[in-house]
Each structure stands twice: as structure tokens, then as C-alpha cells.
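Chemist: The structure follows.
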Amino acid sequence: MALVINEEQKMLKSSAKELLDLKSPISHMRELRDDNYNQFDVDLWKEMVEMGWTALTIPEQYNGLNFGYVGLGQVLEEMGRKLTVSPMISTVLVSTTLISLSKNEVLKRKLFDEIMNGKKLCSLAHEESSHHNPNINSSIVSKNDEKFILNGKKRFVIDGSISDYLIISANNESSGTLELIILDSKSKGITFNNKVHMDSKNYSDISFNNVEFSNNDFLSSNDDGQKLLSKTIDIACIGLAAEMLGNIQQAFEMTMEYLKEREQFGVKIGSFQSLQHRSAIMFGEIELCKSIVLKALQAIDSDDENLPELASLAKSKLGLTSKLVTNEAVQMHGGIGMTDDSDIGFFLKKTRVTQRIFGDSNYHLDRLAKINNY
Amino acid sequence: METQVKVDLTDFRLETRKWLEENCPKSMLEPITDANQLYWGGRNGEFSSKDQEIWFNRMLEKKWIVPYWESKYGGGGLNPKQNNILNQEMSRLGCRKPHINFGISMLGPALLKFASEEQKIYYLNQICKGEIRWVQGYSEPNAGSDLANLQTKAEDKGDHFLVTGSKVWTSYGDKGDFIFCLVRTSTESKHTGISFLLIDMNSEGISTRPIKLISGKSPFAETFFDSVKVPKKNLVGTLNDGWTIAKYLLTHERQMIGGIGDTDKKKTLSEVAIDSIGVTDKLLSNASIRSKIANLEMNEKVFELTIQRALDEHKAGNNSGAVSSFFKYYGTELAMQKEELRLEVNGFSSTEWTSEESNNGREARYFNRSKGHSIEGGTHEVQLNIIAKRVLGLPSK
Numbered sequence: 055m056a057l058v059i060n061e062e063q064k065m066l067k068s069s070a071k072e073l074l075d076l077k078s079p080i081s082h083m084r085e086l087r088d089d090n091y092n093q094f095d096v097d098l099w100k101e102m103v104e105m106g107w108t109a110l111t112i113p114e115q116y117n118g119l120n121f122g123y124v125g126l127g128q129v130l131e132e133m134g135r136k137l138t139v140s141p142m143i144s145t146v147l148v149s150t151t152l153i154s155l156s157k158n159e160v161l162k163r164k165l166f167d168e169i170m171n172g173k174k175l176c177s178l179a180h181e182e183s184s185h186h187n188p189n190i191n192s193s194i195v196s197k198n199d200e201k202f203i204l205n206g207k208k209r210f211v212i213d214g215s216i217s218d219y220l221i222i223s224a225n226n227e228s229s230g231t232l233e234l235i236i237l238d239s240k241s242k243g244i245t246f247n248n249k250v251h252m253d254s255k256n257y258s259d260i261s262f263n264n265v266e267f268s269n270n271d272f273l274s275s276n277d278d279g280q281k282l283l284s285k286t287i288d289i290a291c292i293g294l295a296a297e298m299l300g301n302i303q304q305a306f307e308m309t310m311e312y313l314k315e316r317e318q319f320g321v322k323i324g325s326f327q328s329l330q331h332r333s334a335i336m337f338g339e340i341e342l343c344k345s346i347v348l349k350a351l352q353a354i355d356s357d358d359e360n361l362p363e364l365a366s367l368a369k370s371k372l373g374l375t376s377k378l379v380t381n382e383a384v385q386m387h388g389g390i391g392m393t394d395d396s397d398i399g400f401f402l403k404k405t406r407v408t409q410r411i412f413g414d415s416n417y418h419l420d421r422l423a424k425i426n427n428y
Numbered sequence: 225m226e227t228q229v230k231v232d233l234t235d236f237r238l239e240t241r242k243w244l245e246e247n248c249p250k251s252m253l254e255p256i257t258d259a260n261q262l263y264w265g266g267r268n269g270e271f272s273s274k275d276q277e278i279w280f281n282r283m284l285e286k287k288w289i290v291p292y293w294e295s296k297y298g299g300g301g302l303n304p305k306q307n308n309i310l311n312q313e314m315s316r317l318g319c320r321k322p323h324i325n326f327g328i329s330m331l332g333p334a335l336l337k338f339a340s341e342e343q344k345i346y347y348l349n350q351i352c353k354g355e356i357r358w359v360q361g362y363s364e365p366n367a368g369s370d371l372a373n374l375q376t377k378a379e380d381k382g383d384h385f386l387v388t389g390s391k392v393w394t395s396y397g398d399k400g401d402f403i404f405c406l407v408r409t410s411t412e413s414k415h416t417g418i419s420f421l422l423i424d425m426n427s428e429g430i431s432t433r434p435i436k437l438i439s440g441k442s443p444f445a446e447t448f449f450d451s452v453k454v455p456k457k458n459l460v461g462t463l464n465d466g467w468t469i470a471k472y473l474l475t476h477e478r479q480m481i482g483g484i485g486d487t488d489k490k491k492t493l494s495e496v497a498i499d500s501i502g503v504t505d506k507l508l509s510n511a512s513i514r515s516k517i518a519n520l521e522m523n524e525k526v527f528e529l530t531i532q533r534a535l536d537e538h539k540a541g542n543n544s545g546a547v548s549s550f551f552k553y554y555g556t557e558l559a560m561q562k563e564e565l566r567l568e569v570n571g572f573s574s575t576e577w578t579s580e581e582s583n584n585g586r587e588a589r590y591f592n593r594s595k596g597h598s599i600e601g602g603t604h605e606v607q608l609n610i611i612a613k614r615v616l617g618l619p620s621k
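Protein chains in written order, with my numbering: chain R, 55 to 428; chain Y, 225 to 621.
Take a look at the structure:
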């Protein structure tokens with residue numbers, strides 16, 4: 055497949071840009087932060103739902119748009135440019151993906167309908183320690199007569215504080231296999247500890263204490279839990295890489311503008327060769343990022359067998375490049391870059407959190423080496 | 225129409241495959257392990273083996289020395305798709321290139337764009353037969369990164385130019401038959417007083433001296449011009465407008481050098497490392513080297529994808545933004561990092577300089593040679609200057 059986006063995808067990208075320019079400029083993220091770390095703008099979410107963003111990756115047979123992940127990636131990239139605060143990552147990128155892979159048709163129909171119409175938000179509760187780990191240690195599903203019971207502790211649940219549903223990964227006590235279950239977040243026995251992180255977003259630590267649920271709440275079936283989870287995480291890594299690509303392009307462009315404006319020693323600071331060379335290197339690194347993000351997005355849509363490797367390439371490359379670009383962006387803005395009044399620091403703070411979600415560059419470089427047998 | 229073309233191309237692939245299988249001698253399918261296994265042609269061209277000669281002559285007869293040039297210029301007249309198929313089939317089988325010449329990779333594209341029809345027919349046909357070994361005369365002792373500062377002058381003497389001066393860093397300059405040269409034909413302006421001249425290395429007044437590098441080898445020479453007579457008809461393009469040609473040619477050179485990282489396909493660095501360092505619990509035994517290799521391989525893969533994206537964007541009529549300066553910078557950077565890392569991976573054996581086991585220090589010498597990648601064809605710093613000014617629009621002082 056040619057490494058270019060088609061006309062439809064281009065149109066989606068420009069319509070996303072149009073909406074976000076109007077309804078979610080960077081200043082909007084600042085307003086939400088200053089409103090006691092508000093996580094959710096209902097009006098903006100309604101607009102996104104109307105634009106069809108919640109239906110982009112849902113197959114036609116469930117009344118979705120079946121637009122594919124290259125399309126979703128364009129939206130996420132534009133959101134990354136504006137640092138848009140929304141449940142797109144938790145509900146659309148992660149949860150909808152996992153639900154699509156499930157074989158529980160009853161749940162699928164119900165959940166897709168609720169998600170597409172913007173009625174319900176959903177999040178994946180998987181991590182249990184301070185680093186991403188695909189394996190579960192503490193969360194256990196056990197069976198008691200006809201009831202199932204969940205016990206365990208989860209960390210770093212994106213949008214946990216505003217989600218209506220939680221998808222939880224847990225080991226089955228009897229079979230030892232990994233299960234994925236979906237529960238109402240208000241269920242008895244669930245307690246939240248909501249924490250604001252550096253990016254002004256909320257991530258929840260959640261305890262599950264003898265939470266009861268039924269046979270109908272399983273998204274996994276016939277031992278496919280690990281497979282569903284792994285693929286969801288690979289896809290999520292690629293989506294997050296697309297968002298980071300938006301983050302770094304915006305930060306880079308703002309920095310180039312600043313270099314052309316700011317004067318010291320009677321000249322524009324952009325005329326200094328030291329800054330020019332570092333800028334040129336960043337330009338090139340961002341070009342590399344564009345290629346791997348597009349390739350990886352295409353790999354999701356074409357069900358490429360190399361998806362795990364491409365996901366790790368995308369997440370590690372974007373993790374490293376976002377570190378480079380956001381650090382340089384603050385440095386090149388000088389003292390201004392250290393002030394809260396300037397927006398440039400937001401990109402540093404945003405990417406430092408995203409880098410860690412589903413594994414940072416250290417994790418994914420290690421995984422790449424394993425994939426390549428060394 | 226579309227299906228017809230597809231059928232033809234499939235036929236072409238099968239015919240090509242069959243022809244290559246029948247005509248490429250077995251020893252010409254083995255990977256190249258030494259520079260003398262390349263055939264550079266020219267007046268003094270010598271084949272290093274009988275098979276090399278057979279292979280060259282068969283490809284010559286087929287007009288596949290330069291398969292993609294028009295047949296009136298001596299090429300095979302293949303369209304881009306056919307040429308692509310030929311390349312794919314050659315690399316599938318592992319066929320060596322029958323002939324290497326700067327005339328094909330560098331001068332040819334410039335002649336096609338800027339030369340007169342008469343010059344094209346004369347020189348390109350020679351190139352397609354491998355008759356002339358071309359070398360490049362660009363840099364001078366005081367015109368390296370600041371190439372336009374070149375001082376080798378060509379005075380107009382009516383029916384000929386009289387050339388005086390010297391060139392440095394002429395690749396294989398002591399082995400060339402003809403040199404394509406940038407010369408100063410006017411001192412009124414720096415950039416618009418340069419002309420592009422083709423000079424026979426047999427001319428009276430030309431001498432060369434090899435330059436020994438830190439690798440111990442001498443792939444470059446100095447070339448001296450002492451009142452050398454050059455016929456007027458050897459001027460390519462317009463007088464004083466040679467800088468345009470020079471820039472065009474440099475982009476080809478950058479792409480060529482940028483592709484350096486691709487040459488070693490026998491074993492990946494991680495495979496080499498497993499042999500030399502060993503594994504513990506399925507992981508490479510040195511965690512620090514393991515992480516460096518993973519990082520390098522990540523960058524190699526994303527760079528490959530970026531080359532592909534640039535080609536795809538070009539085909540789709542878009543400007544990808546990724547420029548030849550970036551490809552030259554990054555391709556050479558990765559190649560150099562790889563040589564540095566290869567030394568770390570191979571330990572004591574990697575620095576052997578004269579032993580038989582090390583093939584006369586092949587690896588150590590290649591490592592030394594690689595340090596020139598960020599200097600030749602425009603230094604790293606010059607490439608970054610070009611990106612900053614032309615792509616990012618950053619101001620000059």
C-alpha cells in the first residue's frame with residue numbers, strides 16, 4: 055500500500071481541524087484545567103459524536119462508519135495539535151477496539167450503540183504497577199455458585215473518573231487464563247482514587263472488592279482474552295503515536311515561529327546556526343515519525359501480521375522524538391518557555407504522560423529486540 | 225488498457241527472470257566481498273575474472289548496462305515499471321551489477337537534463353558501453369563546504385579553454401579517463417561565474433596524486449591542471465551557468481551516499497552480536513549493546529519507510545517535505561552509527577588491521593572510511609544549513 059493518505063482521509067483530517075480550530079483551540083484545554091481540572095466538555099463531545107468520530111472504526115453491520123484506523127489516526131493527530139481534552143482515547147481508541155475484537159455479539163450491539171450515540175463512556179482498567187505490563191498479577195475472577203466475583207487493584211485508568219463502563223482484565227482463578235469483563239463503574243465494591251497527572255488529565259487507581267457480576271459480562275470467550283488484550287494494546291499504541299505526532303508537529307511549528315520573531319543581540323535568534331542545526335534535525339526526526347505512524351495505521355486496517363513490531367516501532371520512535379522535540383521547544387523559547395502563561399510547556403507535560411501509556415520507549419525497544427530474537 | 229499493461233509486465237517479469245537465470249554466471253550471484261569484484265570499465269578496464277567479463281558482455285549485448293536510458297543513447301529503453309522489475313529480479317537472484325561508473329549514477333542524469341543532443345548521443349552511448357571511466361572534479365583545497373569558492377580557471381582562447389588549477393577529493397581520480405569538472409569562467413560573481421566542463425584525463429598538463437586516508441586506502445586523488453587545452457565543444461550547458469548543473473548533480477550524489485547503509489545485507493547487526501557476544505535466557509548477553517542495537521534498528525526501519533513515503537508522495541504528486549539533504553544527512557548518520565556499533569559488538573577482532581583472519585582489517589578500515597560519510601557530498605553541517613534555510617525558512621543574519 056502506498057504510504058499516502060487518500061482523498062477521503064484528507065477530508066476527514068481537514069474537517070477535524072476545522073472543528074477543533076473553532077471549538078478546541080489550545081486555550082480551551084487551559085480553561086478546562088483552570089476549572090479545577092475539568093475532564094469533560096459535554097458540548098464538545100456532542101460535536102465529536104455528530105461528526106461521527108465515535109463510529110469511525112465500528113463496522114457497518116453495527117451501523118458504524120467503518121472508516122478505519124488511518125481515518126481515526128488523522129483525527130487523533132489533529133487533536134494532538136490542539137491538546138484536546140476528550141474521551142476519544144479511552145472510549146474510542148481503546149475500548150471500542152477491544153469491543154470490536156470480542157465475540158460477545160449481544161454486548162457488542164448494545165455497547166456500540168451506546169458509544170456511537172455518545173451516551174456512554176468506557177475505559178480499560180488493566181495496569182497494576184507503575185510500569186506497563188501485559189500480564190496480570192493481582193486481579194482475580196472467581197466463581198461462587200452462579201455468580202462471578204472480581205477482586206483486585208488497577209492503576210492508571212484513563213478517564214476512569216468519567217467513565218460509565220470499565221473493562222477489566224483479570225486472571226480466571228480456575229482456568230488461569232486472562233479474562234476481560236465489562237462492568238458498570240457504579241457497581242457495588244468499586245472504589246476510585248482519582249489522580250490528576252502532569253498533563254492535567256485524570257487517571258484513576260481503582261479497587262475492586264468482591265464485585266459481583268454475571269456470565270453475560272464477559273467480553274472474552276474461549277481463552278481469547280490475552281489475544282484481545284494484546285491486539286488492543288498494539289492498536290492503542292499506534293493511536294497514541296498518532297496523537298503524539300500531532301503534539302510534536304504543533305510544538306515544532308510554534309517554536310519555528312518563535313525563532314523567526316524573537317530578537318537578541320540585534321538579530322532574530324533563528325539566524326543562529328546552533329539553533330538552525332537543531333531545528334533541522336528535529337524536522338527530519340518528525341518526517342521519520344510521520345512515516346512510521348502512517349505505516350502502522352495502515353497495518354491495523356490491512357490486518358498486517360507485523361502489527362506488534364510496527365506498534366512497538368511507532369510507540370518507541372514517537373516516545374523518543376516527542377522527548378527531543380518538547381525539550382527543545384521549551385529550551386528554544388528560553389525563559390518564556392518556563393512560564394505557565396506560554397502554551398509550549400503543555401506539550402512537554404502532555405507527551406511525558408502519553409509516553410508511558412502502554413509502555414514507554416524503553417519497554418518497546420526491549421520488545422522490538424525480543425520480536426527480532428535477540 | 226490497464227489489464228493489458230499488467231499482462232505485459234507479468235510476461236516481462238517471467239522473460240527477465242528466465243534470461244537472468246540462463247545468462248548470469250554462478251560466481252556473479254555471490255555477494256561482493258571486495259571492491260575489486262566491481263567492474264569499473266574504462267580505457268584501462270580489467271576484468272577480475274572470466275565470469276565477470278562474460279556477465280558484462282551479455283548485459284552489454286542486452287543493452288542492460290543502463291537499462292532505463294533511451295535506446296538512441298545506448299540504453300535498454302525500459303520504462304520505470306520494467307526497470308523496477310529488472311531490479312527486483314536481479315536482487316531476487318542476487319546478480320551483481322555488471323558495471324559501476326560515476327558516468328551512470330552522477331554525470332548521466334546531468335547530461336540528460338542539460339547537455340546538447342549531440343553531446344548526449346556521444347557521451348551517453350560511451351557510458352552505456354562502459355568505455356569511459358568518469359570521475360568528478362568538484363572540491364578544491366579552498367572550496368570544500370564552500371564549493372562555489374572554486375578557483376580552477378578556464379580561460380577562453382578562441383577555439384579552446386585553457387584550464388589551470390587543482391581539484392581534490394577526486395574519487396578514483398588516478399584511475400579516471402574523463403573528469404567532469406566545475407571551473408571558473410568569470411570572476412564577476414561567485415555563483416554565476418562557474419561552468420561545467422568535460423576534460424580528457426589524457427590531456428597534456430594533467431597529473432594526479434593519490435590521497436592516503438585514515439583507513440590506509442586511497443580511494444581519492446588530487447588532480448592538477450597545468451595549462452590544459454580543452455575543446456570548446458566539451459562545455460555542457462550555458463557558459464557561467466554551471467552552478468545550476470552542479471546543484472542538480474549534488475542531489476544525485478546525496479541520494480547515492482544516503483543509500484550507503486543498505487549495502488550490508490548478509491547478516492543483521494543483532495545476528496552478528498548473538499554470535500560474538502552470546503545470549504542469556506534468549507536475550508543478548510550485554511544489555512547496553514542490546515539496547516543500542518534495538519535503537520539503531522528502529523531508526524533504520526523508520527528511515528526505510530520514510531524513503532518509501534517520499535517516493536509514494538512523489539508518485540501521488542505531493543511534495544513530501546523530506547528533502548535530499550535530509551536523506552543524505554540521516555542515511556550517512558545511521559551508516560556511521562552502525563560502523564561504530566559494529567566495533568563495540570565485535571570487540572578485539574574489530575580493530576585488527578593487517579591479519580589474515582580479518583581480511584586485512586576489512587572491518588577496521590571500513591570503520592575508518594565511514595568517518596568520511598558525514599564530510600563528502602556536503603558535510604552534515606551543510607545539509608543541516610540547507611534544511612534550516614530552504615525548508616524551515618529560518619533567517620540569515
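We treat Cβ as the ideally placed atom computed from N, Cα and C, and that holds for glycine.
Is GLN360(Y) helix, strand or coil when you go by DSSP?
Modeler: GLN360(Y) falls in the strand class under three-state DSSP.
Chemist: For ALA372(Y), tell me which candidate among ILE418(Y), SER340(Y) and PRO333(Y) has the shortest Cα-Cα distance.
Modeler: Looking at the Cα atoms, ILE418(Y) is the closest of the given residues.
Chemist: Can you have a look at MET55(R) and say buried or exposed, based on whether 16 or more other CB atoms are within 10 angstroms of its CB?
Modeler: Exposed.
Chemist: By DSSP, does ASN260(Y) sit in helix, in strand, or in coil?
Modeler: Correct three-state label for ASN260(Y): helix.
Chemist: State the Cα-Cα distance for the pair CYS352(Y) and ILE469(Y), rounded to the nearest angstrom.
Modeler: Using only the alpha carbons, I get a separation of about 21 Å.
Chemist: Would you kindly report the start and end of the unbroken alpha helix (DSSP H) that includes ASP167(R)?
Modeler: That run of the alpha helix (DSSP H) goes 159-170.
Chemist: Strictly below 7 Å CB to CB, what residues from chain Y border MET310(R)?
Modeler: Simply LEU616.
Chemist: Might you give, ordered along the chain, the residues of its own chain that have their beta carbon closer than 8 Å to the beta carbon of TYR472(Y), omitting 5 neighbours on each side?
Modeler: Only PRO333, ALA334, LYS337 and PHE338 meet the Cβ criterion.
Chemist: Measure the beta-carbon distance from THR416(Y) to THR432(Y) and round it to whole angstroms, keeping in mind my assumption that it falls under 8 Å.
Modeler: The Cβ separation is near 29 Å, so there is no contact.
Chemist: Rounded to a whole number of angstroms, what is the C-alpha to C-alpha distance between THR420(R) and MET310(R)?
Modeler: At residue 420(R) the sequence reads Asp, which differs from the Thr that was named. Distance between the alpha carbons of ASP420(R) and MET310(R) is about 34 Å.
Chemist: Please name the residue or residues paired with PHE385(Y) in a DSSP beta bridge.
Modeler: According to DSSP, PHE385(Y) bridges with ASP380(Y) and VAL454(Y).
Chemist: Which ranges would you report for the alpha helix (DSSP H) in the segment 298-362 of chain R if only whole runs of at least 4 residues count?
Modeler: Entirely contained in the segment 298-362 of chain R, the alpha helix (DSSP H) runs reaching 4 residues are, in chain order, 327-355.
Chemist: Looking at the structure shown, is GLY127(R) part of a helix, part of a strand, or coil, going by DSSP?
Modeler: GLY127(R) falls in the helix class under three-state DSSP.
Chemist: Indicate whether at least one CB of chain R lies closer than 8 Å to the CB of PHE236(Y).
Modeler: PHE236(Y) does not count as touching chain R.
Chemist: From this set, MET522(Y), ILE513(Y) and TYR396(Y), which residue's C-alpha is nearest ASN570(Y)'s C-alpha?
Modeler: Cα-wise, what sits closest to ASN570(Y) is ILE513(Y).
Chemist: Count the other C-beta atoms from every protein chain shown that fall within 10 angstroms of the C-beta of VAL290(Y), then say buried if there are 16 or more, exposed otherwise.
Modeler: Counting Cβ neighbours within 10 Å, VAL290(Y) comes out buried, since at least 16 surround it.
Chemist: Indicate the three-state DSSP secondary structure (helix, strand or coil) for LEU206(R) in the structure shown.
Modeler: What sits at residue 206(R) in the sequence shown is Gly, not Leu. In this structure, GLY206(R) counts as strand in the three-state DSSP scheme.
Chemist: Give the residues from the segment 330-352 of chain R that approach chain Y closer than 8 Å (Cβ to any Cβ), ordered along the chain.
Modeler: Residues passing the 8 Å Cβ filter: GLN330, HIS331, SER333, ALA334, ILE335, PHE337, GLY338, GLU341, LEU342, CYS343, LYS344, SER345, ILE346, LEU348 and LYS349.
Chemist: With 8 Å as the threshold, decide whether the Cβ of ASN543(Y) is near any Cβ in chain R.
Modeler: No - not a single Cβ of chain R is within 8 Å of the one on ASN543(Y).
Chemist: Listing by chain order, which chain Y residues have their CB less than 7 Å from the CB of ALA295(R)?
Modeler: Near ALA295(R) there are no residues of chain Y at all, since even the closest Cβ is about 11 Å away, more than 7 Å.
Chemist: For ALA56(R), go through chain Y and note every residue whose CB falls closer than 8 Å to its CB, in chain order.
Modeler: By Cβ distance, chain Y contributes ASP536, LYS539 and ALA540.
Chemist: What span of residues does the alpha helix (DSSP H) with PRO304(Y) cover, start to end?
Modeler: 304-317 is the span of the alpha helix (DSSP H), which, as asked, contains PRO304(Y).
Chemist: Beta carbon of MET252(R), beta carbon of ARG406(R): below 8 Å?
Modeler: It is a contact, given that the beta carbons lie within the stated cut-off.
Chemist: Whole angstroms are fine: how far does the CA of LEU232(R) sit from the CA of LEU110(R)?
Modeler: Each residue's alpha carbon lies about 28 Å from the other.
Chemist: Quick check: what's the CA-CA separation for VAL139(R) versus TRP99(R)?
Modeler: For VAL139(R) and TRP99(R), the distance between alpha carbons rounds to 10 Å.
Chemist: What's the gap between the Cα of GLU428(Y) and the Cα of ILE323(R)?
Modeler: Rounded to whole angstroms, GLU428(Y) to ILE323(R) spans 53 Å at the Cα level.
Chemist: Using Cβ-Cβ distances below 9 Å, what residues of the segment 596-612 of chain Y are close to chain R?
Modeler: Result list: HIS604, GLU605, GLN607, LEU608, ASN609, ILE610, ILE611 and ALA612.
Chemist: Do GLY413(R) and HIS186(R) count as a contact pair if the criterion is CB distance below 8 Å?
Modeler: Yes, the Cβ-Cβ distance between HIS186(R) and GLY413(R) is below 8 Å.
Chemist: Excluding sequence positions up to five away, which residues of its chain have a Cβ less than 8 Å from the Cβ of VAL103(R)?
Modeler: So the qualifying residues of the chain are MET170, ASN171 and GLY172.
Chemist: Excluding the 5 residues flanking SER363(Y) on each side, which residues of the same chain have their C-beta closer than 6 Å to its C-beta?
Modeler: Cβ within range, chain order: VAL392 and TRP393.
Chemist: Between LEU294(R), GLY279(R), ILE222(R) and PHE267(R), which lies nearest to ASP259(R) when the distance is taken from Cα to Cα?
Modeler: Considering only alpha carbons, the answer is ILE222(R).
Chemist: Does any residue of chain R bring its CB to less than 8 Å from the CB of VAL525(Y)?
Modeler: In the sequence under discussion, the amino acid at residue 525(Y) is Lys, which differs from the Val named in the question. With 8 Å as the cut-off, LYS525(Y) counts as an interface residue toward chain R.
Chemist: Can you pull the chain R residues whose beta carbon is under 7 Å from the beta carbon of ILE498(Y), in chain order?
Modeler: In chain order: TYR428.
Chemist: Does the Cβ of ASN519(Y) have 16 or more other Cβ atoms within 10 Å, making it buried, or fewer, making it exposed?
Modeler: Burial call: buried.
Chemist: Could you tell me whether the Cβ of LEU66(R) comes closer than 8 Å to any Cβ of chain Y?
Modeler: For LEU66(R), the answer is no, since every Cβ of chain Y falls outside 8 Å of its Cβ.
Chemist: Could you check what DSSP says for LEU374(Y) in three-state terms: helix, strand or coil?
Modeler: If DSSP states are grouped into helix, strand and coil, LEU374(Y) belongs with coil.
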